[in-house]
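Trainee: Input: one structure, supplied below.
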Amino acid sequence: MNKPETRYHQSDIEKVFHKLISNWNELTDFYNTEVKFDYDDPNDRLAYVDIGDISKFIVEKKKAEQTEKFEIFFENVEEIMIYGEHYVQELIVIGLFEGIQAFCGYKIDYYRSFDKWLKPNSLKAWRELIDFWEKDDWKRTAESEKILNKKK
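What follows is the structure in structure tokens.
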């Protein structure tokens, strides 16, 4: 299988952010007013800080049960995962996904509650990130809960 052509590069990180926020007016407004800064030198950009702000935004929407735009958002994420160079893919996994999982804390079940929006490549990376931090414990806990719930 051939590797897809790379469309998203570290050298054009603004294109990555534009794709990420596209088709969601509220997120675009948030990004333009709260996140994006005009840097004299694009190399000064702190992409991980910026994507962390987007992670917080996503978690706040999840907490408020305002998830209507999650489908398109995670479709955009999937496209970036498929067509992004390695740095960009890591920005999504380490920046966006890890940020979302951290901001969810114990208030949101991030183990599975985002599954319905995550696409195949994103879901795989999402679960690998959880595995990295929690090993297989989170899987065993979920399986144990299923068994206990059936016995009730």
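Position one of the sequence shown corresponds to residue 1 (full-length UniProt numbering), numbered consecutively onward.
Using N, Cα and C, we set each Cβ at its ideal position, and we do this for glycine too.
These numbers come from a predicted model, not from an experiment.
#1: What does DSSP give as the partner residues of Tyr-8 in its beta bridges?
#2: So does Gln-89 have its beta carbon nearer than 8 Å to some heavy atom of the ligand NAP?
#3: Under the assumption that Tyr-48 contacts Leu-91 (Cβ atoms under 8 Å), give the Cβ distance between them as a whole number of angstroms.
#4: Once the 5 residues before and after Glu-71 are set aside, which same chain residues still bring their CB inside 7 Å of it?
#5: For Phe-73, does the three-state DSSP call read helix, strand or coil?
#6: Using a threshold of 9 Å, state whether the C-beta atoms of residue 175 and Leu-129 are closer than that.
#7: Have a look at Tyr-87, Gly-99 and Asn-121 and flag the residue whose alpha-carbon is nearest the alpha-carbon of Val-16.
#8: Mapping the DSSP letters down to three states, classify Ala-47 as helix, strand or coil.
#9: Taking 8 Å as the threshold, find out whether the stretch 61 to 80 comes into contact with the stretch 109 to 123 through three or more Cβ pairs.
#10: Could you tell me which of Lys-63, Ile-94 and Asn-25 sits nearest to Lys-107, measuring between CA atoms?
#11: According to DSSP, is Trp-24 part of a helix, a strand, or is it coil?
Mentor: On the basis of the supplied data:
#1: Counting from 1 along the sequence shown, the entry for residue 8 is found at position 8. According to DSSP, Tyr-8 bridges with Gly-84.
#2: Inclusion of the ligand NAP in the displayed structure is not the case, the ligand content being empty and no account of it being possible.
#3: Translated into the one-based positions of the sequence shown, residue 48 becomes position 48. Translated into the one-based positions of the sequence shown, residue 91 becomes position 91. With a Cβ gap of about 7 Å, Tyr-48 and Leu-91 count as contacting.
#4: Numbered from 1 along the sequence shown, position 71 holds the residue referred to as residue 71. Contacts found: Trp-117.
#5: Counting from one through the sequence shown, the residue named residue 73 turns up at place 73. If DSSP states are grouped into helix, strand and coil, Phe-73 belongs with the helices.
#6: What the structure shows of the chain is the stretch from 1 to 152, and residue 175 is not part of that stretch, so it cannot be assessed.
#7: The residue you call residue 16 lines up with position 16 of the sequence shown. It is Tyr-87.
#8: Mapped onto the sequence shown, residue 47 falls at position 47. Note: Ala-47 maps to helix in three-state DSSP.
#9: yes
#10: Numbered from 1 along the sequence shown, position 107 holds the residue referred to as residue 107. Closest by alpha carbon: Lys-63.
#11: Numbered from its first residue, the sequence shown carries residue 24 at position 24. The answer is coil: DSSP assigns Trp-24 none of H, G, I, E or B.
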